[in-house]
Amino acid sequence: MLAIMMASAGGTWDNAKKYVELGNYGGKGSDAHKAAVEGDVVGDPFKDTSGPSLNILLKLMAIVSLVFAPAFVAAPNLINL
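What follows is the structure, encoded as structure tokens:
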């Protein structure tokens, strides 16, 4: 969920800057544009690095748990032998 939030938030901050640059909320040079540029500075690492790398980690954790699930199910039976 965190990876999805980071990727979505990064894209949203990037799109907000583009929206302001089209002339909305005062356009380029306005206070809204300065704030949007700062938001984009935070958003770029979110969508470009943090989101996808966390997504890969979550997929890896899911695969590992599926691979070892039979061992976890069989473990109580092995202890009682």
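Residue 51 in my numbering sits at position 50 of the sequence shown; the count goes up by one each step and never skips. Glycine included, each C-beta is placed from N, C-alpha and C at the ideal position. Only a predicted model underlies this, so the values are computations on that prediction, with no experimental measurement involved.
Query raised in the report: Taking all protein chains shown into account, do 16 or more other C-beta atoms lie within 10 angstroms of the C-beta of M2, making it buried, or fewer, making it exposed?
Result: To locate residue 2, count along the sequence shown from 1; it is residue 1. Exposed is the call here.
Query raised in the report: Is it true that the region 15-22 meets the region 37-52, where meeting means three or more beta-carbon pairs spaced less than 8 Å apart?
Result: The answer is yes - the region 37-52 touches the region 15-22, with three or more Cβ pairs under 8 Å.
Query raised in the report: What do you get for F73, buried or exposed, if any count of 16 or more other CB atoms within 10 angstroms of its CB means buried?
Result: In the sequence shown, counting from the first residue as 1, residue 73 sits at position 72. Note on F73: under 16 other CB atoms within 10 angstroms of its CB, so exposed under the neighbour-count rule.
**Report entry** Cα-Cα separation between A63 and T50, rounded to whole angstroms
**Finding:** Here residue 63 refers to the residue found at position 62 when the sequence shown is read from its first residue. Here residue 50 refers to the residue found at position 49 when the sequence shown is read from its first residue. In this model, A63 and T50 are separated by some 20 Å (Cα to Cα).
Query raised in the report: In terms of residues, what are the limits of the alpha helix (DSSP H) holding D41?
Result: Within the sequence shown, numbered from 1, the residue matching residue 41 stands at position 40. Where D41 is concerned, the enclosing alpha helix (DSSP H) stretches over 32-46.
Report task. Buried or exposed for K29, please, with buried defined as at least 16 other CB atoms from any protein chain shown within 10 angstroms of its CB. Result -> Within the sequence shown, residue 29 is the residue found at index 28, counting from 1. Residue burial is scored here from C-beta neighbours: K29 has fewer than 16 other C-beta atoms within 10 angstroms and is therefore classed as exposed.
Requested in this report: Would you kindly work out how many angstroms separate the C-alpha atoms of P46 and L23, rounded to a whole number?
Outcome: Counted from its first residue, the sequence shown places residue 46 at position 45. Counted from its first residue, the sequence shown places residue 23 at position 22. L23 has its alpha-carbon roughly 23 Å from the corresponding atom of P46.
Query raised in the report: Could you give the distance in angstroms between the alpha-carbon of V21 and the alpha-carbon of A75?
Result: Locating residue 21 in the sequence shown gives position 20, counting from the first residue. Locating residue 75 in the sequence shown gives position 74, counting from the first residue. About 58 Å.
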